[in-house]
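Accompanying notes for the structure given below.
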């Protein structure tokens, strides 16, 4: 699947997360290209990064999607002020 989250709200991403996780428990396998920290968090997922021009395994917490989302949630006011002052 190529970025299945593109047209999905976070709530619908959770629905997809649940469906993929259930199917994986039953033996299904998926190859998913995604930037969604929700979909990247599926238990048992092997996350491969293509950063720096080479494919390598990556921990969930080390993905750019997770780090940027975490940073925004934890420092939203400071980050927003900084970004908007760059006008």
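Numbering (the numbering used here), first residue to last: 274 to 360.
Backbone N, C-alpha and C define an ideal beta-carbon position, used for all residues, glycine too.
Among the bridge pairs identified by DSSP, residue 306 is matched with 275.
Counting only the Cα atoms, residue 345 lies some 30 Å from residue 297.
Note that the C-beta distance between residue 274 and residue 305 is below 9 Å. Here residue 310 is near residue 338, since their CB atoms are less than 9 Å apart. For the set 307, 293 and 301, the Cα lying nearest the Cα of residue 277 is the one of 307.
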